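The numbering used here puts the sequence shown at residues 33 to 355. Accompanying notes for the structure given below.
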Amino acid sequence: MVANNNVSLPELAVSIQGLVKIYAGNKSQRSPKLALDHVDLAIPRGGIFGLLGPNGAGKSTLINILAQLVRKTEGRVKIWDIDLDADPRHAAAAIGVVPQELNIDPFFTPRDLLDLQAGMYGVPKAERRTMELLEALSLGDKAGSYARTLSGGMRRRLMVAKALVHNPPVLVLDEPTAGVDVELRQQLWAYVRELNKSGVTILLTTHYLEEAEELCDQIAIINHGKVIACEPTSTLVSRLDRKEVVIIVGADLAAPPEALANFDPQLLGPRRLKLHYRPSQTQVGAVLDAIRATNLEIVDLSTVESDLEDIFLELTRRQPQSA
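Okay, structure coming up:
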C-alpha cells in the first residue's frame, strides 16, 4: 500500500532496542515509575503483530513513543528503517496510529477531518483518498455529518480512516474494537486483513484474546514493562503444558472420585467433571485408564486444547512484579 518499487523494503517494519521509559515522580506519585524496562522487539514487515498485556503493563506507553507523543528515556527505535531520533518527521510519515482515546473534533464532518489530516501530512489534494477511506470503513453516508452525531463505533472507525490518510506502511491499532458491536467488529477486522494483504504491517493491541489468536502471525506479551514472551502465535499456544479433559457421567456426583485426585478434578455440574494434566508428564492414555478405573458411566468425553488466554494468564502469573 505504501511501497515504492524503486526503493528496497526493510526487513523489519519496527525495530525496538533497549527501550526504557521512566516517568518522573510528581505530587500524586512521589517516586519515579519504570513503565518500560529495556524492551526489545523486532516486528517483521508485512505481518499482523499482536502486543498483549494487562492494564498498566506498558503497551500504551510503547505505542505513544512510536507515535512521538511520549519521549523515551533511553533506547533506539526505528520505523520502516527510519531512526526516530535522527529523522522524526519521516518516521512519523511511516506510521499511522489509532489511539484508544476518541480525539475527534465534534464540529467537523468526517470528510473535513480527513482532508485536514491529509493536509497536515502534506498529501496533495489530487492524491487524497477521503471518500475511498470513508466508504471502506462504512462511513460513506456519514461523510457530511457532524462528528458529534456519530456513534462510538463510527467514531472509532473514523479514527482508523484518519490514521490512513497519508498511506503509511505501518498501522498501529490500540484497542480498535473497544465499544464496537460484533458485526462492525467483524467488518473492521475484514478491512484490517485487506490492508495487510496490500502490504501494510499491522501492530495491534486488544483485550479480545480470541481476536489476537485468530488475526496475529506473531504475538508479544508485555507485563510490568518487560516483554515476557514473543513468538509466532502457533508456537506460543503450543507452549502451555496443560490440557483438559471434560467428562459427562450418567449419574449425579456429590464430589470428584478420589481415584482422579491426581488430575486436579473440578465439578462443573452434578454430572460434568473437568480433569487437568500435563502432556510432558502424563500420557492421555493414563488419564483415560484412571477414568475407566472409577467405573463411572461415561456419557461423553472431550479434550480441550490450550488457547491464548491460558497462555496469557499462565505467563503473567509466573512473572514476579518489579520492585
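Glycine included, each C-beta is placed from N, C-alpha and C at the ideal position. For clarity, every value in this text was computed on a predicted model and none was experimentally measured.
- GLY301 is bridged by DSSP to ARG304.
- Taking the CA atoms as reference points, GLN250 sits about 32 Å from ARG160.
- The C-alpha of ARG225 lies about 16 Å from the C-alpha of GLU207.
- Under a 10 Å Cβ-count criterion, THR181 is classified as exposed, with fewer than 16 other Cβ atoms of the shown protein chains found around its own Cβ.
- When GLY151, PRO311, LYS194 are compared, the shortest CA-CA separation from THR335 is found for PRO311.
- The Cβ atoms of LEU145 and LEU84 do not sit closer than 8 Å to each other.
- Counting only unbroken stretches of 3 or more residues, the beta strand (DSSP E) elements lying wholly within the segment 208-292 are 233-237, 250-255, 258-264, 275-281, in sequence order.
- In the structure shown, GLU164 adopts helical secondary structure according to DSSP, grouped into three states.
- Separation of the CB atoms of VAL259 and LEU307 is rounded to 33 Å, and the pair is thereby denied contact status at 8 Å.
- Here THR141 is not bridged, per DSSP, to any residue.
- Its chain contains no residue whose beta carbon lies nearer than 6 Å to that of ALA287 once the 5 sequence neighbours on both sides are disregarded.
- By the C-beta criterion, the segment 297-304 is judged not to be in contact with the segment 261-270, since fewer than 3 inter-stretch pairs fall below 8 Å.
- Looking at the DSSP output, PRO76 bridges to LEU44.
- Close CB contacts of ILE280 within its chain, under the 7 Å cut and outside five residues either way in sequence, are with ARG303, ARG304, VAL331, ASP332 (chain order).
- Inclusion of VAL202 and THR237 in the CB contact set at 8 Å is not warranted, their separation being larger than that value.
- Counting along the chain, the unbroken alpha helix (DSSP H) around GLU346 starts and ends at 340-350.
- Residue range 316-325 is occupied by the alpha helix (DSSP H) that includes ILE323.
- As DSSP reads the structure, LYS110 sits in a beta bridge with SER47, ASP115.
- Classified as buried, SER92 has 16 or more neighbouring CB atoms from the shown chains inside 10 Å of its CB.
- Annotation for ALA168: TYR223 place their beta carbon closer than 7 Å to its own, counting only its chain and skipping 5 residues before and after.
- The secondary-structure analysis by DSSP pairs PHE295 with nothing; it has no beta-bridge partner.
- The C-beta separation of THR348 from PRO289 comes to about 33 Å, leaving the pair out of contact by the 8 Å criterion.
- Distance between PRO131 and LEU205, taken at the CA atoms: about 7 Å.
- At a Cβ-Cβ threshold of 8 Å, VAL71 and ILE48 count as neighbours.
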